[in-house]
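K.L.:
I am attaching a structure below and will ask some questions about it afterwards.
Protein chains: 2
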Amino acid sequence: MNAPVRLQQKFSVFEERWSPKIVAAANGQLVKLAKFEGEFVWHSHEDEDEIFLVLQGEVVIRLREDGAERQVRLGPGDLFVVPKGVEHKPESNAEAHVVMIEPAATRHTGATEADVAVAVEDQDWI
Amino acid sequence: MNAPVRLQQKFSVFEERWSPKIVAAANGQLVKLAKFEGEFVWHSHEDEDEIFLVLQGEVVIRLREDGAERQVRLGPGDLFVVPKGVEHKPESNAEAHVVMIEPAATRHTGATEADVAVAVEDQDWI
Chain A
6 MNAPVRLQQK
16 FSVFEERWSP
26 KIVAAANGQL
36 VKLAKFEGEF
46 VWHSHEDEDE
56 IFLVLQGEVV
66 IRLREDGAER
76 QVRLGPGDLF
86 VVPKGVEHKP
96 ESNAEAHVVM
106 IEPAATRHTG
116 ATEADVAVAV
126 EDQDWI
Chain B
6 MNAPVRLQQK
16 FSVFEERWSP
26 KIVAAANGQL
36 VKLAKFEGEF
46 VWHSHEDEDE
56 IFLVLQGEVV
66 IRLREDGAER
76 QVRLGPGDLF
86 VVPKGVEHKP
96 ESNAEAHVVM
106 IEPAATRHTG
116 ATEADVAVAV
126 EDQDWI
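For the record, the sequence lines run as chains A and B. The working numbering numbers the first residue of the first sequence as 6 and each following residue consecutively. The working numbering numbers the first residue of the second sequence as 6 and each following residue consecutively.
Here it is as structure tokens:
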């Protein structure tokens with residue numbers, strides 16, 4: 006059966022930024038780890054909510070909703086849900102470690118075409 | 006819209022053990038916080054996988070599968086998925102802080118009737 010996932014150990018086995026690695030699956034959702042640093046692209050997921058949980062570092066998620074822009078600031082131990090359909094753009098000034106939980110079909114940059122996008126089928130288990 | 010959830014702050018607003026509090030919802034799943042201390046009851050969830058993420062303390066999850074018993078030990082930063090149908094029994098020698106993510110319909114003790122069970126409709130948002 007599945008083994009416990011030691012998150013800190015898992016973060017130590019990759020260095021790429023903005024490249025989600027899968028560590029667990031449950032109820033059609035995947036638990037992914039990513040290192041954020043710099044700016045990601047604006048995108049939204051039409052059908053999927055996205056849970057972010059910051060374990061290390063500081064993350065800003067910019068949000069566009071009803072024509073207005075706002076941002077949330079997340080530090081270690083902060084969790085935030087980006088609801089489906091809401092445009093968002095994660096940023097981090099320095100390396101941040103983030104757990105994301107989202108449906109298995111969730112595309113990295115939603116409908117946005119971007120060089121940084123990692124196709125679902127290319128997101129590896131670690 | 007929803008606000009960031011500061012997990013440490015949320016854990017400070019309740020003291021009950023084995024009484025999940027809801028802090029977020031996404032894709033039909035609920036994110037719940039619970040304080041574990043002592044022994045819970047053996048139970049399983051026929052249709053739901055259950056994610057456990059320990060933030061503080063040490064947790065043992067005993068598991069029964071194919072007639073054999075085993076256990077996993079989880080400390081801070083350890084994540085584990087109990088697959089649907091697998092009997093399990095969480096324990097902790099001292100106060101532990103645990104994030105659980107599971108479908109909204111998940112019953113606390115599955116099909117097991119137990120005094121410690123908190124009905125889904127009685128699990129409060131904090």
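Just so it is clear, CB atoms sit at the ideal spot from N, CA and C, and this is done for glycine as well. For clarity, every value in this text was computed on a predicted model and none was experimentally measured.
1. Kindly indicate if chain B contains any beta-carbon less than 9 Å away from that of S62(A).
2. For A119(A), which residues in the same chain have their Cβ closer than 7 Å to its Cβ, ignoring the five residues on either side in sequence?
3. From the DSSP output, in three-state form, read off E92(B) for me.
4. Could you tell me whether any Cβ in chain B is nearer than 9 Å to the Cβ of V36(A)?
5. Within 9 Å (strictly less), CB to CB, does N32(A) reach chain B?
6. Note the first and the last residue of the continuous beta strand (DSSP E) segment covering Q61(A).
7. Just to make sure I have the definition right: I need the residues of chain A whose C-beta is within less than 8 Å of the C-beta of E53(B). Which are they?
8. State whether the stretch 46-57 of chain B contacts the stretch 72-92 of chain B, with contact taken as three or more CB pairs (one from each stretch) at a distance under 8 Å.
9. At 4 residues or longer, and completely inside the stretch 10-91 of chain A: list those alpha helix (DSSP H) runs for me, N to C.
10. Whose C-beta lies closer than 7 Å to the C-beta of S49(A) among residues of the same chain, with five residues either side of it excluded?
11. Thinking A109(A) and G33(A) are a contact (beta carbons under 8 Å), I'd like their distance in whole angstroms, please.
12. Chain A partners of A109(B), CB-CB under 8 Å?
13. Is the CB of N7(A) under 9 Å away from at least one CB in chain B?
14. Helix, strand or coil: how does DSSP classify E118(B) here?
15. Thinking C-alpha only, which one of Q76(A), I106(A), E107(A) and H113(A) is nearest S97(A)?
16. Per DSSP, what kind of secondary structure is V125(B) in: helix, strand or coil?
17. Hey, would you say the C-beta of A119(A) is under 8 Å away from at least one heavy atom of the ligand GTP?
18. Just tell me which of L35(A), E44(A) and H113(A) has its CA closest to the CA of E2(A).
19. How about I68(A) and G82(A): are their beta carbons less than 9 Å apart?
20. Find the residues of chain A that neighbour V77(B), judging by a C-beta separation of less than 8 Å, and give them in chain order.
21. Verify whether the separation of the beta carbon atoms of L38(B) and H102(B) is less than 9 Å.
22. Going by DSSP, name the residue or residues bridged to H102(B).
23. Against D83(B), what residues of chain A qualify as contacts under a CB-to-CB distance less than 8 Å, listed in chain order?
24. Considering only their Cβ atoms, is the gap separating F19(A) from I131(A) smaller than 9 Å?
25. Taking just the CA atoms, how far does G72(B) sit from A29(B)?
P.N.:
The answer reads as follows:
1. Looking up residue 62(A) in the first sequence gives position 57. The amino acid at residue 62(A) is misidentified as Ser; the sequence shows Gly. With 9 Å as the cut-off, G62(A) does not count as an interface residue toward chain B.
2. On the first sequence, position 114 is the one that residue 119(A) refers to. For A119(A), where only same-chain residues beyond five positions count, the Cβ hits under 7 Å are V46.
3. As a working mapping, residue 92(B) is identified with position 87 in the second sequence. Strand.
4. In the first sequence, counting from the first residue as 1, residue 36(A) sits at position 31. With 9 Å as the cut-off, V36(A) counts as an interface residue toward chain B.
5. Position 27 of the first sequence, counted from the first residue, corresponds to residue 32(A). N32(A) counts as touching chain B.
6. Position 56 of the first sequence, counting from 1, holds the residue named residue 61(A). Element bounds for Q61(A): E55 to Q61.
7. One-based indexing of the second sequence puts residue 53(B) at position 48. Under the 8 Å cutoff, chain A gives N32.
8. Yes, since at least three Cβ pairs between the stretch 46-57 of chain B and the stretch 72-92 of chain B fall closer than 8 Å, the two stretches touch.
9. 12-16
10. Locating residue 49(A) in the first sequence gives position 44, counting from the first residue. Once the five neighbours on either side are set aside, the close Cβ partners of S49(A) are G90, V91, E92, H93 and G115.
11. Numbered from 1 along the first sequence, position 104 holds the residue referred to as residue 109(A). Numbered from 1 along the first sequence, position 28 holds the residue referred to as residue 33(A). Confirmed, about 6 Å.
12. Sequence index remark: in the second sequence, residue 109(B) carries index 104 (1-based). Here the premise fails: no neighbours, minimum Cβ distance about 10 Å.
13. Residue mapping note: residue 7(A) aligns to position 2 of the first sequence, counting from 1. At least one chain B Cβ lies under 9 Å of N7(A).
14. Start at 1 with the first residue of the second sequence, and residue 118(B) comes out as number 113. Correct three-state label for E118(B): coil.
15. Within the first sequence, residue 97(A) is the residue found at index 92, counting from 1. Comparing Cα-Cα distances from S97(A) to each of Q76(A), I106(A), E107(A) and H113(A), the minimum goes to Q76(A).
16. Start at 1 with the first residue of the second sequence, and residue 125(B) comes out as number 120. In the structure shown, V125(B) sits in a helix (DSSP, three-state: H, G or I).
17. Absence of the ligand GTP from the depicted structure is noted, as is the absence of any ligand whatsoever, leaving it without description.
18. With chain A running from 6 to 131 in the structure shown, residue 2(A) is simply not present.
19. Taking the first sequence and counting its residues from 1, one reaches residue 68(A) at position 63. Taking the first sequence and counting its residues from 1, one reaches residue 82(A) at position 77. Rather than Ile, the amino acid found at residue 68(A) in this sequence is Leu. No, the pair does not count as a contact, with Cβ atoms beyond the cut-off.
20. Position 72 of the second sequence, counted from the first residue, corresponds to residue 77(B). In chain order: A8 and P9.
21. Taking the first residue of the second sequence as 1, we reach residue 38(B) at position 33. Taking the first residue of the second sequence as 1, we reach residue 102(B) at position 97. Closer than 9 Å, so yes.
22. As a first step, residue 102(B) is located in the second sequence; it is residue number 97 there, counting from the start. DSSP, once it has assigned bridges, lists K40(B) and Q61(B) as partnering H102(B).
23. Counting from one through the second sequence, the residue named residue 83(B) turns up at place 78. Neighbours of D83(B) on chain A, chain order: P9, V10, R11 and L12.
24. Numbered from its first residue, the first sequence carries residue 131(A) at position 126. Numbered from its first residue, the first sequence carries residue 19(A) at position 14. Contact: yes.
25. Here residue 29(B) refers to the residue found at position 24 when the second sequence is read from its first residue. Here residue 72(B) refers to the residue found at position 67 when the second sequence is read from its first residue. If you take the alpha carbons of A29(B) and G72(B), they lie about 36 Å apart.
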